[in-house]
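Residue numbers for the sequence shown follow this note's numbering, so the first one is 8 and each next one is one higher. Beta carbons are placed, not taken as given, at the ideal position from N, Cα and C, and that holds for glycine. If you're wondering where the values come from, they're calculated on a predicted model, not measured in any experiment.
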Amino acid sequence: MTQLIYKDESYAIMGACFQVYKEMGCGFLESVYQECLEIEFEFQKIPFEAQKELRLTYRERPLKKTFVADFLCYDKIIVEIKAVSNLTNEHRAQLQNYLNGTECKLGLLVNFGHYPKVEYERFIFETKRQR
8 MTQLIYKDES YAIMGACFQV YKEMGCGFLE SVYQECLEIE FEFQKIPFEA
58 QKELRLTYRE RPLKKTFVAD FLCYDKIIVE IKAVSNLTNE HRAQLQNYLN
108 GTECKLGLLV NFGHYPKVEY ERFIFETKRQ R
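Here you go:
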């Protein structure tokens, strides 16, 4: 049986997401959920940085290009939020690329636009293959 990476931290993050969905439901813009999650993370004392600019690397060299994660929680978990009817492979690829580019080990893709409940997926950083 495999152990969940950052189990306690990811459960706390998802608990905050469930609370926001319980209070707000679906149908708002992503920016509304972003603001609500900031408040909920503070309330639950979950360490986070919102709209965190992260550096990408290639061959262990930092790139000039950066990306902005919706949240970086516990200084190690990327949380990407959406407000769409269904998650798509493009959303999944976005988060997987963020993990590959930063080498953070865990990403959570959370969709507040799904009815009747919040939709979420966990992504684990997979070690890059050597050629």
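Per-residue burial, residue i [other beta carbons within 10 Å of its own, 16 or more giving buried]
{"i": "Asn118", "result": "buried"}
{"i": "Glu47", "result": "buried"}
{"i": "Ile131", "result": "exposed"}
{"i": "Phe78", "result": "buried"}
{"i": "Leu11", "result": "exposed"}
{"i": "Ala19", "result": "buried"}
{"i": "Leu100", "result": "For the sequence presented, residue 100 should be read as Ala rather than Leu. The residue is exposed, with fewer than 16 neighbouring Cβ atoms inside 10 Å."}
{"i": "Val114", "result": "Position check: residue 114 holds Gly in this sequence, whereas Val was assumed. Gly114 comes out buried."}
{"i": "Phe55", "result": "buried"}
{"i": "Leu44", "result": "buried"}
{"i": "Leu102", "result": "buried"}
{"i": "Lys72", "result": "exposed"}
Assigned secondary structure, residue i (DSSP; H/G/I helix, E/B strand, else coil)
{"i": "Ala1", "result": "The requested residue 1 is not part of the displayed model; the chain covers only 8 to 138."}
{"i": "His121", "result": "coil"}
{"i": "Cys111", "result": "coil"}
{"i": "Cys24", "result": "helix"}
{"i": "Leu11", "result": "coil"}
{"i": "Phe50", "result": "helix"}
Whole-angstrom distance between residue j and residue i, CA atom to CA atom
{"i": "Glu67", "j": "Thr109", "result": "10 angstroms"}
{"i": "Ile53", "j": "Cys24", "result": "12 angstroms"}
{"i": "Gly120", "j": "Leu106", "result": "23 angstroms"}
{"i": "Glu133", "j": "Val86", "result": "17 angstroms"}
Proximity of residue i and residue j at Cβ, strictly below 8 angstroms
{"i": "Glu16", "j": "Cys80", "result": "yes"}
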